[in-house]
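Report on the following structure.
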Amino acid sequence: MNTSSLTLDEIYALARETLLGAGASEEHADAVADVVTRAERDGSHSHGLFRIPGYIASLRSGKVKGNANPGLSKPSPVVLHCDGDLGYAPLAHRRSLNSLAEAAKENGVATLSITRTHHFAALWPETEALGEQGLVAVACVSYMPSVAPYGATEALYGTNPMSFAWPRPGSPPLVFDMATASMAMGDVQIAARDGQSVPAGTGLDANGELTTDPKEIIKGVLLPFGGYKGSHIAMMIELLAGPLVGEAVSFQSKKRDSGDGGPPQGGEFILAMNPDILSGYEWPDQSEAFLEKLGALEGVRLPAERRYRNRQDPGPRHINSDLLEKIRATLSSG
Ligand code: NDP
Ligand code: PYC
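38 is the number of the first residue of the sequence shown in our numbering; add one for each residue after it.
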């Protein structure tokens with residue numbers, strides 16, 4: 038694979054300029070370019086610049102409103118709602134996560150339902166931000182069908198990620214962020230692009246047969262992680278990020294999607310909890326003792342350690358050259 042070196046500032050500038058050129062407002066371009074850059078910084082490659090062509094396609098098709106004005110309301114002191122106004126999720130997050138944090142700090146627990154939004158990023162930016170404020174957080178979104186429920190060969194679930202953050206005194210939060218598919222579709226697409234195979238059990242081809250060829254899985258279906266157990270978590274996410282927040286489930290999102298290659302309209306469910314109120318002030322001693330024991334086990338590494346380590350590197354990132362060419366071509370094509 039040929040790569041080109043770009044500094045983080047260059048990545049941010051390229052993403053921002055491309056989004057502005059396709060019709061995003063300054064605020065949206067800043068918010069999306071920021072999550073794209075943070076993904077590249079942390080080595081979340083399937084949700085960095087790789088997503089720019091999809092963002093551009095959905096702006097150009099008119100499906101996503103480049104000047105969307107997400108608005109926050111508070112149906113109750115602990116229930117917050119953000120209407121994404123058909124824009125991208127990162128600006129909705131900028132306008133609502135601090136209010137969610139304040140509500141959880143004051144009341145112990147608070148939820149944020151985001152509707153009429155388009156989520157095309159990793160979820161750790163939102164849970165990590167809440168964890169940094171001393172809160173325990175859970176976030177999930179659905180997508181469009183690409184995962185067959187356990188026992189089926191037909192897709193019904195999205196790749197439906199869930200992220201969890203736990204605050205740690207004096208250190209960045211513990212965070213995991215994972216698709217409930219055996220592999221995120223972005224990683225399957227990257228494996229296909231790079232001519233790599235994927236582990237057995239990742240997905241089925243169009244005939245419903247197991248395959249390790251990512252190109253065949255793209256034509257077929259992904260499988261949930263962990264058999265029926267992962268399948269049920271994917272089902273739960275359909276319900277939390279859909280009906281619970283007042284949005285569509287994956288198959289409905291697909292029906293109303295234009296098929297432009299960008300993210301569909303959907304919802305996001307975010308829960309924030311204040312451990313000081315839920316458990317009292319001794320929780321850090323207990324959780325730190327647990328996490329230290331866990332992290333000390335031979336063979337174990339804590340989730341987010343890889344990202345946090347990558348984050349320490351101030352140097353350039355190595356970006357797939359074909360992807361860069363594709364992104365730069367969208368700039369010159371206006
Ligand atoms: P991974 O399988 O790469 O990682 C899942 C989690 O497990 C991460 O927190 C990761 O931490 C951790 N982890 C990975 N390997 C190990 C290990 N050996 N030991 C301990 N922990 C480990 O993620 P996925 O491929 O499932 O998802 C990738 C991204 O795709 C996510 O950010 C997700 O939000 C995003 N996504 C977004 C969707 C959307 O609709 N917006 C849909 C589907 C996925 P670390 O990061 O430190 O490696
Ligand atoms: O990687 O599965 C994925 C994905 C879907 C939407 C954003 N990322």
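Glycine is no exception: its CB is placed at the ideal position from the N, C-alpha and C atoms.
Short of 7 angstroms in beta carbon distance, which residues of its chain neighbour Pro112, apart from the five on each side in sequence? Order them along the chain.
Translated into positions along the sequence shown, residue 112 becomes position 75. Within the same chain, Pro112 has close Cβ partners His118.
Measuring alpha carbon to alpha carbon, tell me which residue in Gly188, Glu143, Thr55 and Trp161 is nearest Phe87.
To locate residue 87, count along the sequence shown from 1; it is residue 50. Looking at Gly188, Glu143, Thr55 and Trp161, the one whose alpha-carbon comes closest to that of Phe87 is Thr55.
Between the CA atoms of Leu109 and Arg132 - distance to the nearest angstrom:
Taking the first residue of the sequence shown as 1, we reach residue 132 at position 95. Taking the first residue of the sequence shown as 1, we reach residue 109 at position 72. Each residue's Cα considered, the two are about 7 angstroms apart.
Give me the Cα-Cα distance between Ile356 and Ala76, rounded to the nearest whole angstrom.
Mapped onto the sequence shown, residue 356 falls at position 319. Mapped onto the sequence shown, residue 76 falls at position 39. The straight-line gap from Cα to Cα measures roughly 12 angstroms.
Between Pro114 and Ala68, is the Cβ-Cβ spacing less than 9 angstroms?
Within the sequence shown, the letter at position 77 stands for residue 114. Within the sequence shown, the letter at position 31 stands for residue 68. Cβ distance not < 9 angstroms, so Pro114 and Ala68 don't count as in contact.
Does DSSP put Ser62 in a helix, in a strand, or in coil?
As a first step, residue 62 is located in the sequence shown; it is residue number 25 there, counting from the start. Coil, per DSSP.
The beta strand (DSSP E) enclosing Gly303, as first and last residue numbers
Locating residue 303 in the sequence shown gives position 266, counting from the first residue. Under the DSSP assignment, Gly303 falls in the beta strand (DSSP E) whose first and last residues are Gln302 to Met310.
Which of helix, strand or coil does DSSP assign to Thr154?
Indexing the sequence shown from 1 puts residue 154 at position 117. In the structure shown, Thr154 sits in a strand (DSSP, three-state: E or B).
What's the C-alpha gap between Ala59 and Leu315?
For this step, residue 59 is matched to residue 22 along the sequence shown. For this step, residue 315 is matched to residue 278 along the sequence shown. The alpha-carbon atoms of Ala59 and Leu315 are separated by roughly 46 angstroms.
Alpha-carbon spacing of Ala70 relative to Asp214, whole angstroms:
As a working note, residue 70 is residue 33 in the sequence shown. As a working note, residue 214 is residue 177 in the sequence shown. Spanning the two alpha carbons is a distance of roughly 20 angstroms.
Lys252 to Ala243, Cα distance in whole Å?
Counting from one through the sequence shown, the residue named residue 252 turns up at place 215. Counting from one through the sequence shown, the residue named residue 243 turns up at place 206. Rounded to the nearest angstrom, the two C-alpha atoms are 10 angstroms apart.
Using C-beta distances below 7 angstroms, list every residue in its chain close to Ala237, excluding the 5 sequence neighbours before and after it, in chain order.
In the sequence shown, counting from the first residue as 1, residue 237 sits at position 200. Excluding residues within five positions, the ones whose Cβ falls inside 7 angstroms are Leu247 and Thr249.
Between the beta-carbon of Pro300 and the beta-carbon of His156, is there less than 9 angstroms?
Stepping through the sequence shown from its first residue, residue 300 is reached at position 263. Stepping through the sequence shown from its first residue, residue 156 is reached at position 119. Yes.
Arg354: first and last residue of the uninterrupted beta strand (DSSP E) it sits in
Residue 354 sits at position 317 when you count from the first residue of the sequence shown. Looking at the DSSP string, the run of the beta strand (DSSP E) that includes Arg354 is Arg354 to Asn357.
Less than 6 angstroms between C-beta atoms, sequence neighbours within five positions excluded: which residues of the same chain meet that for Arg344?
As a first step, residue 344 is located in the sequence shown; it is residue number 307 there, counting from the start. Asp79.
Rounded separation between Ser358 and Pro351 - CA only:
The sequence position of residue 358 within the sequence shown is 321, counting from 1. The sequence position of residue 351 within the sequence shown is 314, counting from 1. Going by the C-alpha atoms only, they are around 21 angstroms apart.
What did DSSP end up calling Ala406 once you bin it into helix, strand or coil?
The chain is shown only over 38 to 371; residue 406 falls outside these bounds and no answer can be derived.
List the whole-angstrom C-beta distance separating Val178 from Glu305, where the pair is believed to meet the contact cut-off of C-beta under 8 angstroms.
By 1-based counting over the sequence shown, the position of residue 178 is 141. By 1-based counting over the sequence shown, the position of residue 305 is 268. The pair is a contact, with the Cβ atoms about 5 angstroms apart (cut-off 8 angstroms).
Tyr49 versus Val73: straight-line alpha-carbon distance, rounded
Looking up residue 49 in the sequence shown gives position 12. Looking up residue 73 in the sequence shown gives position 36. Taking the straight line from one Cα to the other gives about 7 angstroms.
Where does Asp214 fall in DSSP's three states?
If you number the sequence shown from 1, residue 214 lands on position 177. Here Asp214 carries a strand assignment [DSSP, helix/strand/coil].
Applying the criterion that 16 or more other CB atoms from any shown protein chain within 10 Å of the CB defines a buried residue, is Phe327 buried or exposed?
Sequence index remark: in the sequence shown, residue 327 carries index 290 (1-based). Classification for Phe327: exposed.
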